[in-house]
Amino acid sequence: MSQNVLINLDGVAKTFQTADGAQRTVLEDVNFKLAEGEIVALLGKSGSGKSTLLRIMAGLIPADRGKAVYRGSEIFEPVTGIAMVFQSFALFPWLTVQQNVELGLEAQGIAPEEREKRADAMLELIGLSGFGGALPRELSGGMRQRVGIARALVTGPDVLLMDEAFSALDVLTGETLRDDILELWDSGRIPTRGILVVSHNIEEAVMMADRIIIMSSNPGRIRSEIRVNLPRPRTVESYDVRRLIDEVYGLMTMRPATAAAPAANLGYRLPETDISLMEGVLESLADAPFNGRADLPKLSEETELPDEKLFPAFEALGLLGLAHVEKGDLTLTPLGRRYVQAEQPERQELFGQQLIAHVPLAAQIRKRLEQETTGSLPEDPFLDLLEEHLKDDEAKRVLGVAVEWGRYGEVYEYDYHTGRLMLPADEEA
Amino acid sequence: MFGVFDTRRAGRTLLNISPNRWDWALLPLLLAVLVAIAFGATQMSRPFVIGQATTITLDPAYLPYYLLRTILRMFTALAFALLFSFAFAAIAAKYRTAEKIMIPSLDILQSVPILGFQAIAIAPFIALFPGNLLGVECAAIFAIFTSQAWNMAFSLYQSIRTVPPELNEASQVFRLSAWQRFWRLELPYAMPGLLWNMMMSMSGGWFFLVAAEAVSVAGQDIKLPGIGAYIAVAIEAENGTAIAWAIAAMLAGILLYDQLFFRPLLAWADKFRFEESQGDTAQGSWLLDWGRRSRLIRMMSERFWATMQRALSWQVKKEKVAPASGTFLAHPGWKHVQNGILIAAFLIAVYQLVVFVHDDVGWEEVLHVGMLGGITLARVMLLIGLASLIWVPIAVWIGLRPQYAQRVQAVAQFLAAFPVNLMFPLVVYLLVTFRLTPNIWLSPLMVFGTQWYILFNVVAGASAIPNELRLAADNLGLNGWLKWKRIYLPAIFPSYITGAITASGGSWNASIVAEYVTWGNTTLMADGLGSYIKQMTDAGDFHRIALGIGVMCIFVMLLNRFFWRRLYLLAENRS
């Protein structure tokens, strides 16, 4: 078994330093093997460290503890056998498609004639022949990612890492590209021995992978693993695939046992979501055909929103007690029903009440403001408070969410130019 | 980046292609440029002894020759500035410790007026080539270099630091070596900003041309053949017609290198724009179009790029088998050592400074110079304010009309290059005839060359205001002052600040020329730091030159730190 393990992670951990010198653990004790001949999908919410994990395997960042090993030798810088496809394509805009594809070969010092031959062959394989002389900016998103894939494959890599490779594309283009890659893989026309896909799209993972790894957040750990023993090509409509998607949805939204009281601590990472999106989800949940209870994949289909947008919204709704998620279903709470039926001013009032009751950060801000005679405070102390728990850009983001929610719930106001928080004007003194 | 012309398609040998009509059009041009360069270069290294008078005639027939010499000098300086920028940016972006020292030094260098460098550099350069004019030539080139290099180096450094992270990662994953990275990623990414700064640098070079070419060393006046020296002689001889000729020659020169050098380069560099959002200001160049059509030129450029491309694989990254041994540098103790060295160097410098002031110039002189600095500061700020009041509304008006904006940009760029010395006859005439006080009426000269930075930055800012915003304002019925207050002024604020910072820095430098005006035997003088430095230079008093320049550096840096930088951050936050 051991000779056909491509990548082996053994007890890998990664910590980042926050601004005030505190340590924040992003990855903890990750053990993982990528074997020859398999496609593995890495699923997790944002902040679960899956991108960090991918970058450790690519040799872009070092692990703090544990070992990352590629074919028996430890990884501490990018290796020739591992190539990567980027979410934002990462094409060099000033190089032609041909030159972009040749980049990796050029770095290896391969002769121009040989480079040209291999690049031509790869461009043809990936359906780009005739585009060699074009600049990336002339191409559509889907075509650009084809270039990104060709650039990665032309070096004949052993392992292909794909970092959310389809998420910047529209759904149809993404699916086409995905199927094309799977076809290349299954027909054995590329020398690649293993593929690792990082994604937050559940359907994508189920459609592609032989094995799905689900990561938990804070700190990132491998929470569960599912084997997919369905033959490819798979169809989304088939019963097996649907059942599997359902199962993964359930696993993804399951709360880890440790975070039983969800927002109990101040440093809770408030989800990045749009309030109007949250209300939109609540409304479609209340309406037919769901009438208060929805199967998550169905809801995703109905609202035509991708998972990476929906999950934060679910989390926020759960946090505020307006709906709750259980075993892959979203259920409207009585309060949520009241919220949906209420007029705008009452909605905002309810929102504010729930915010103070369930989000300690918001409650804290409100309490401190009430203690001030001027009813106003700079944001910095709160930022410092958050930075004890979070990386500083993350702390800023979380405070930003708290500010937006607080404004909507009319719990407090915020002046962008002075960076001060204050009680709403009509409540002062 | 090496794909100006598609390298793969055409045939391979020079012999089997017949020239087309574009070849016939381009060939004479190319040959003429080559011959001119060769001729100018041979003229540079003629025998010369200190004390020997170099004659500059005011006969306009000599002007083309002078122009050639000047432009050659400027391009040589530009080439060195470019090399300097490459080295500087590559080192500063790579090593944290070096960066800590290099970036502040650049800040200081940028605020040292050109005369300061000249005073230091002239003697060593002459000693380097005894009995040859090349020494003086080098000194002049060095002086021009100092008015060009700093902003280019800074722009390149900043671009390298802000290379998009995903491209950075891609270059790592595909294992590009540092050499390949520089040519494939960092330089192309920095190209648009670097080119823009090169153009600004050329303007800056013209501005101080007189000082660079009419070198005064140890009471001797050495004048190198060139437009700057021509202007200097014309001023001495009170020859107004010659001044007019000089203006014409300069205009011709700027037009020439703009059309033959910068336009083609800009048009070519268009593909390095990272975002498509940068507007539709695609640059066109007739010369580049010709070159692309000419078979011969295409052939040669293919050869050239193919060679360059081969050069890319000079350094290929080796597969490493052990972790990088950077442990020594990462050791916490090393940091303390570094800081210790820095602090020690700082203390020694302060001690030296105190000794210098105490022994050589005296504290009273320092106070006096400080006061003069205050006067010049007041002048700079007041005039920037006045220039803003005049130019901001005009610039916004122009910026909102794209049909004028491009043309005005070109004119403003020419005006920014206009050496202020060329205004001397007019100024002296006006001041003498109307008996005006130099202390007030010489001041406008300081912003004469620098106000254009405000103009063209604001024009650029105003033309970048989204059309929808303007439509929305009209739709809401915003009018008059309210429209300015809510739309135009906030929208142009960041670009205005950028322009004002450049203008302020330039005005300090210009004060040396502007506060001390001569026309033949007439000398008009305003009190201020600039005229102090100029007088001390004429007197050859090195200690006082150093003092004056030091004080000017301090003023400029304090002003930048505590005033412009804050405004800049404010502007950045708002946008």
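The listed protein sequences correspond, in order, to chains B and V.
Here the first sequence stands for residues 19 to 447, numbered as in this note's numbering.
Here the second sequence stands for residues 25 to 599, numbered as in this note's numbering.
All residues carry an ideal CB built from backbone N, CA and C; glycine is no exception.
Checklist entry - To which residues of the same chain is B:Leu353 closer than 8 Å at the C-beta, ignoring the five residues directly before and after it? => result Position 335 of the first sequence holds residue 353 of chain B. Cβ within range, chain order: Gly339, Leu340, Leu368 and Gln372.
Item to check | Residue nearest to V:Met324 in terms of C-alpha spacing, selected from V:Leu219, V:Asn597 and V:Leu54 | outcome: As a position in the second sequence, residue 324 of chain V is number 300, starting the count at 1. Here the closest residue by C-alpha is V:Leu54.
Next on the checklist: Please report the straight-line C-alpha distance between V:Trp269 and V:Pro84, rounded to a whole angstrom.
Outcome noted: Looking up residue 269 of chain V in the second sequence gives position 245. Looking up residue 84 of chain V in the second sequence gives position 60. For V:Trp269 and V:Pro84, the distance between alpha carbons rounds to 7 Å.
Checklist entry - Just the Cα atoms here: how many angstroms apart are B:Gly437 and B:Val421? => result Mapped onto the first sequence, residue 437 of chain B falls at position 419. Mapped onto the first sequence, residue 421 of chain B falls at position 403. Cα-Cα distance, rounded: 11 Å.
Checklist entry - Using 8 Å as the threshold, is the stretch 250-266 of chain V in touch with the stretch 536-547 of chain V, meaning 3 or more CB pairs across them? => result yes
Checklist entry - Any C-beta of chain B sitting closer than 8 Å to the C-beta of V:Ala194? => result The count along the second sequence starts at 1 and reaches residue 194 of chain V at position 170. Chain B contact via Cβ: present.
Item to check | B:Gly62 burial status per 10 Å Cβ neighbour count (16 or more: buried) | outcome: On the first sequence, position 44 is the one that residue 62 of chain B refers to. B:Gly62 is buried by the Cβ-count criterion.
Next on the checklist: Between V:Val239 and the ligand ZN, is there a pair consisting of the residue's CB and a ligand heavy atom that are separated by less than 7 Å?
Outcome noted: With respect to the ligand ZN, the structure shown offers nothing to examine, as it has no ligands at all.
Checklist entry - Should V:Met332 be labelled buried (16 or more other beta-carbon atoms within 10 Å of its own) or exposed? => result The residue labelled residue 332 of chain V in the question sits at position 308 within the second sequence. Exposed, because fewer than 16 other Cβ atoms sit within 10 Å of the Cβ of V:Met332.
Item to check | Beta carbon of B:Asp347 nearer than 8 Å to that of B:Ala304 | outcome: The residue given as residue 347 of chain B occupies position 329 in the first sequence. The residue given as residue 304 of chain B occupies position 286 in the first sequence. Not in contact: B:Asp347 and B:Ala304 (Cβ atoms no closer than 8 Å).
Item to check | Helix, strand or coil at V:Val420 [DSSP, three-state] | outcome: On the second sequence, residue 420 of chain V is found 396 positions in, with the first residue counted as 1. Here V:Val420 sits in helix by DSSP.
Checklist entry - Mind pulling the beta strand (DSSP E) runs of 3 or more residues that sit fully within the stretch 302-348 of chain B? => result 311-313 and 341-344
Checklist entry - Whole alpha helix (DSSP H) runs in the stretch 162-217 of chain V with 4 or more residues, listed along the chain? => result 173-185, 189-197 and 202-205
Checklist entry - Got a sec, what are the start and stop residues for the alpha helix (DSSP H) B:Asp264 sits in? => result Residue numbering aside, residue 264 of chain B sits at position 246 when the first sequence is read from its first letter. Counting along the chain, the alpha helix (DSSP H) containing B:Asp264 begins and ends at Tyr257 to Thr271.
Next on the checklist: Please classify V:Gly364 as buried or exposed, where buried requires at least 16 other C-beta atoms within 10 Å of its C-beta.
Outcome noted: Here the question's residue 364 of chain V lines up with position 340 in the second sequence. By the neighbour-count rule (16 or more Cβ atoms within 10 Å), V:Gly364 is not buried but exposed.
Checklist entry - What are the boundary residues of the beta strand (DSSP E) that B:Met180 is part of? => result Taking the first sequence and counting its residues from 1, the one referred to as residue 180 of chain B is at position 162. Run containing B:Met180: Val177 to Asp181, per the beta strand (DSSP E) assignment.
Checklist entry - Can you name the start and end residues of the alpha helix (DSSP H) that V:Val452 belongs to? => result By 1-based counting over the second sequence, the position of residue 452 of chain V is 428. Taken as a continuous stretch (DSSP letters only), the alpha helix (DSSP H) holding V:Val452 covers Phe448 to Phe458.
Checklist entry - Can you tell me the Cα-Cα spacing of V:Thr37 and B:Ile128, whole angstroms? => result Numbered from its first residue, the second sequence carries residue 37 of chain V at position 13. Numbered from its first residue, the first sequence carries residue 128 of chain B at position 110. Any reading at V:Thr37 needs caution, since the residue's pLDDT is 47, under 50, leaving its predicted position unreliable; the model's value is listed next. For V:Thr37 and B:Ile128, the distance between alpha carbons rounds to 24 Å.
Checklist entry - Pick from B:His342, B:Arg164, B:Gly148 and B:Tyr267: whose alpha carbon is nearest that of B:Val299? => result Within the first sequence, numbered from 1, the residue matching residue 299 of chain B stands at position 281. Looking at the Cα atoms, B:His342 is the closest of the given residues.
Next on the checklist: What residue range does the alpha helix (DSSP H) around V:Pro518 cover?
Outcome noted: Here residue 518 of chain V refers to the residue found at position 494 when the second sequence is read from its first residue. V:Pro518 -> alpha helix (DSSP H) spans Leu513 to Ala538.
Checklist entry - Of all the options V:Thr457, V:Pro468 and V:Ile372, which has the alpha carbon lying nearest to the alpha carbon of V:Phe400? => result On the second sequence, residue 400 of chain V is found 376 positions in, with the first residue counted as 1. Before going on, a small fix: residue 400 of chain V reads as Thr here, not Phe. The candidate whose alpha carbon is nearest that of V:Thr400 is V:Pro468.
Next on the checklist: Using CA atoms only, rank isn't needed, just tell me which of B:Asp325, B:Leu284 and B:Leu350 is closest to B:Gly310.
Outcome noted: Along the first sequence, read from residue 1 onward, the residue named residue 310 of chain B stands at position 292. That would be B:Leu350, whose Cα lies nearest to the Cα of B:Gly310.
Checklist entry - What three-state label does DSSP hand V:Gln376 in the structure shown? => result Position 352 of the second sequence holds residue 376 of chain V. If DSSP states are grouped into helix, strand and coil, V:Gln376 belongs with the helices.
Checklist entry - How would you list, in chain order, the residues of chain B whose beta-carbon sits under 9 Å from the beta-carbon of V:Pro212? => result As a position in the second sequence, residue 212 of chain V is number 188, starting the count at 1. By Cβ distance, chain B contributes Phe110, Pro111, Trp112 and Leu113.
Item to check | Nonlocal neighbours in the same chain, by C-beta distance under 6 Å from V:Gly530, ignoring five residues either side | outcome: For this step, residue 530 of chain V is matched to residue 506 along the second sequence. Taken in chain order, the residues that qualify are Thr474.
Next on the checklist: So B:Gly122 contacts chain V; which residues on that side make the cut at Cβ distance below 9 Å?
Outcome noted: Counted from its first residue, the first sequence places residue 122 of chain B at position 104. Simply Val197, Phe198, Arg199 and Leu200.
Checklist entry - Nearest-angstrom Cα distance between V:Arg316 and V:Met224? => result By 1-based counting over the second sequence, the position of residue 316 of chain V is 292. By 1-based counting over the second sequence, the position of residue 224 of chain V is 200. If I take the Cα positions, the gap works out to 27 Å.
Item to check | Option nearest B:Gln366 by Cα separation, candidates B:Val429, B:Gly159 and B:Thr391 | outcome: Position 348 of the first sequence, counting from 1, holds the residue named residue 366 of chain B. Nearest C-alpha to B:Gln366: B:Val429.
Checklist entry - Under a Cβ-count criterion, where at least 16 other Cβ atoms within 10 Å of its own Cβ denotes burial, should V:Trp387 be classed as buried or exposed? => result Here residue 387 of chain V refers to the residue found at position 363 of the second sequence. Under this definition V:Trp387 is an exposed residue.
Checklist entry - Among residues of its own chain, excluding the 5 on either side of V:Leu479, which ones have a beta-carbon nearer than 6 Å to its beta-carbon? => result The residue you call residue 479 of chain V lines up with position 455 of the second sequence. Cβ within range, chain order: Trp415, Ala419 and Ala436.
Checklist entry - Counting Cβ pairs, one atom from each stretch, are 3 or more of them under 8 Å apart for the stretch 216-228 of chain B and the stretch 252-263 of chain B? => result yes
Item to check | V:Tyr453, buried or exposed, once every other Cβ within 10 Å from all chains shown has been counted against 16 | outcome: Against the second sequence, residue 453 of chain V aligns to sequence position 429. With fewer than 16 Cβ atoms within 10 Å of its Cβ, V:Tyr453 is classed as exposed.
Next on the checklist: Give me, in chain order, the residues of the same chain whose beta-carbon lies closer than 8 Å to that of V:Glu300; leave out the 5 immediate sequence neighbours on both sides.
Outcome noted: As a first step, residue 300 of chain V must be located in the second sequence, where it is residue number 276. Annotation note: pLDDT 49 at V:Glu300 (below 50); position unreliable, coordinate value reported separately. For V:Glu300, where only same-chain residues beyond five positions count, there are no Cβ hits under 8 Å.
Checklist entry - Which of the residues in the stretch 156-171 of chain B, read from start to end, lie with their CB under 7 Å from any CB of chain V? => result none
Next on the checklist: Going by DSSP in three states, B:Phe50 sits in which element: helix, strand or coil?
Outcome noted: Locating residue 50 of chain B in the first sequence gives position 32, counting from the first residue. Residue state, collapsed to three classes: strand.
Checklist entry - What's the call for V:Gly501, buried or exposed, on a 16-neighbour Cβ count within 10 Å? => result Counted from its first residue, the second sequence places residue 501 of chain V at position 477. That one is exposed.
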